[in-house]
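Undergrad:
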Amino acid sequence: MTAYALAQVHSVEPGPDITAYLRRIDATLDPFGGRFLVHRAEFEVLEGSWGPSGVILIEFPTYRQARAWYDSPAYREILDLRTRHMVADVVLVQGVPADYRAEHRFRGH
Numbered sequence: 049m050t051a052y053a054l055a056q057v058h059s060v061e062p063g064p065d066i067t068a069y070l071r072r073i074d075a076t077l078d079p080f081g082g083r084f085l086v087h088r089a090e091f092e093v094l095e096g097s098w099g100p101s102g103v104i105l106i107e108f109p110t111y112r113q114a115r116a117w118y119d120s121p122a123y124r125e126i127l128d129l130r131t132r133h134m135v136a137d138v139v140l141v142q143g144v145p146a147d148y149r150a151e152h153r154f155r156g157h
């Protein structure tokens, strides 16, 4: 089942480290089937609050592959390039099947 790495970005300090991170991250995703779906695109807050710098969403074929990417030596090698210059909340979350409907959540209740 599909999984996602989701980041709510609060702030970014541009510079050489962030540039190096961006140049190298795609190569860390490739072995795990990861791909960007959203990368700090235009957004509008409809309810609640959200980090002013937006959202990043990366899709993986499975939760196991998402976790393996995050724990991989290749990603760990560049992680501090981002964390030293970006404040963000980051989560891994499992997706739902293509035929999922919200009412399925309460089957049997």
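Per the working numbering, residue 49 is the first one in the sequence shown, and the count goes up by one each step. Glycine included, each C-beta is placed from N, C-alpha and C at the ideal position. Here the structure is a predicted model, which is why all the values come from computation and not from measurement.
#1: Which complete beta strand (DSSP E) runs does the stretch 50 to 137 hold, if anything under 3 residues is left out?
#2: Taking the alpha carbon of T131 as the point to measure from, which residue in R71, I66, V141, R155 has its own alpha carbon closest?
#3: Tell me, which residues are paired with V141 by DSSP?
#4: Measuring CA to CA, which of P64, A55, A150 is closest to G99?
#5: Alpha carbon to alpha carbon, what distance is there between I106 and L77?
#6: Taking the Cβ atom as the reference point for each residue, do V86 and M134 lie within a distance shorter than 9 Å?
#7: Taking the beta carbon of F108 as the centre, do at least 16 other beta carbons fall within 10 Å, making it buried, or is it exposed?
#8: Going by the beta-carbon positions, is the gap between A122 and P79 smaller than 9 Å?
#9: Should Q113 and G82 be called a contact, given that it needs their Cβ atoms to be closer than 9 Å?
#10: Here's a check: name, in chain order, each residue in its chain whose Cβ is nearer than 7 Å to the Cβ of V141, leaving out the five neighbours to either side.
#11: Would you decide whether Y148 is buried or exposed? Buried here means 16 or more other CB atoms lie within 10 Å of its CB.
TA: Result, derived from the coordinates:
#1: You should have 51 to 60, 83 to 87, 102 to 108.
#2: By 1-based counting over the sequence shown, the position of residue 131 is 83. Considering only alpha carbons, the answer is I66.
#3: Within the sequence shown, numbered from 1, the residue matching residue 141 stands at position 93. Paired residues: Y52.
#4: The count along the sequence shown starts at 1 and reaches residue 99 at position 51. Taking only the C-alpha atoms, the option nearest G99 is A55.
#5: Looking up residue 77 in the sequence shown gives position 29. Looking up residue 106 in the sequence shown gives position 58. L77 and I106: Cα-Cα distance of roughly 9 Å.
#6: Position 38 of the sequence shown, counting from 1, holds the residue named residue 86. Position 86 of the sequence shown, counting from 1, holds the residue named residue 134. Contact check for V86 against M134 fails: the beta carbons are separated by 9 Å or more.
#7: Residue mapping note: residue 108 aligns to position 60 of the sequence shown, counting from 1. Counting the other Cβ atoms within 10 Å of the Cβ of F108 gives 16 or more, which makes it buried.
#8: Residue 122 sits at position 74 when you count from the first residue of the sequence shown. Residue 79 sits at position 31 when you count from the first residue of the sequence shown. Yes; because the gap between Cβ atoms is below 9 Å, this pair is in contact.
#9: Your numbering for residue 113 matches position 65 in the sequence shown. Your numbering for residue 82 matches position 34 in the sequence shown. Yes, these two residues count as a Cβ contact at 9 Å.
#10: On the sequence shown, position 93 is the one that residue 141 refers to. Closer than 7 Å at the Cβ level, and outside the excluded window around V141, lie A51, Y52, L54.
#11: Taking the first residue of the sequence shown as 1, we reach residue 148 at position 100. By the neighbour-count definition (other C-beta atoms within 10 Å, threshold 16), Y148 is an exposed residue.
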